[in-house]
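Trainee:
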Amino acid sequence: MNFMHARNNMVAQQIRPWQVFDEDVLTVMANIPRELFVPMEYQAVAYTDTDIPLGEGQTMLAPKVVGRALQAMAFSGTEKVLEIGTGTGYVTACLSQLAQSVVTVEIHEPLLAKAKQLLAQLNCHNVTPLHQDGVLGVDHLAPYDVIVITGSYPLGVPDAVCQQLKPNGRLFAICGQAPAMQAIKMAREQNAYRLTTLFETVVPSLIHASQPEKFQF
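Position 134 (the sequence shown) corresponds to 416 in this note's numbering; numbering is contiguous.
#1: Just grab the DSSP bridge partners of Val363 for me.
#2: Locate the beta strand (DSSP E) running through Arg447, then write down its first and last residues.
#3: Is the CB-CB distance between Gly485 and Ile466 below 7 Å?
#4: For Cys406, tell me which candidate among Asp421, Met283, Thr360, Thr374 has the shortest Cα-Cα distance.
#5: Can you tell me where the beta strand (DSSP E) holding Leu336 begins and where it ends?
#6: DSSP three-state label for Val320, please.
#7: On a Cα-Cα basis, can you pick out the residue from Val387, Arg476, Asn290 that is closest to Gly416?
#8: Strictly by DSSP, which residues pair up with His413?
#9: Following the continuous alpha helix (DSSP H) through Glu305, name the residue where it begins and the one where it ends.
#10: Over what stretch of residues does the beta strand (DSSP E) that includes Arg476 continue unbroken?
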């Protein structure tokens, strides 16, 4: 399979039509070999418009979702980024090319080990990978210019995570419950937050994210 051709098709047929026009984002996604970050049995569908299982109950976000998330963060190249949910490191690699530095946190050690290997292979030397539960962020390394969360929060982004944003910082998250979760951008203005809904999608919740109470009859 010609993966370079598949990457170009992904950008032209999936990402651009989903209103992603940021040339830096498009260039990064056209260059990073997404096929390396998926299990071998899924390499043939690495560039299709779908979430891909990674193991440990986790999935890789569909390309168009990644593109919209990255574009919404409006990178200038000077940002310090926190990524919650490394997975195997695909979004991390994209962030590494768009920002000055990236702190990424993953609760599943096998996934983080794979991510470390791939990020080193791609010379993503501005990434600090951490093996821990990131559901409440990484407070001891805060504040951050950008926070990107690759899993969902059923009850919304915790205040503890929002507080780790710098003034004028931006956050991407997916909130709510299936079948209609909301991808949001949150912008911090001193102690106030401006929220913009970007699109609807469905992704697994972060491990240990607060869940809605279940009704009992």
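Even glycine gets a Cβ: it sits at the ideal position worked out from N, Cα and C.
Mentor: Checking against the coordinates, here is how it stands:
#1: Bridge partners of Val363: Val384, Val428.
#2: Note that residue 447 is Leu in the sequence shown, not Arg. Its beta strand (DSSP E) spans residues 447–457.
#3: Correcting the residue identity first, residue 485 is Val in this sequence and not Gly. No.
#4: The shortest C-alpha separation from Cys406 is found at Thr374.
#5: 334–337 is the span of the beta strand (DSSP E), which, as asked, contains Leu336.
#6: In this structure, DSSP gives Val320 a state outside helix and strand, which the three-state scheme calls coil.
#7: From the listed residues Val387, Arg476, Asn290, the smallest Cα separation to Gly416 is found for Val387.
#8: According to DSSP, His413 bridges with Glu388.
#9: Note, Glu305: alpha helix (DSSP H), 305–313.
#10: Taken as a continuous stretch (DSSP letters only), the beta strand (DSSP E) holding Arg476 covers 474–483.
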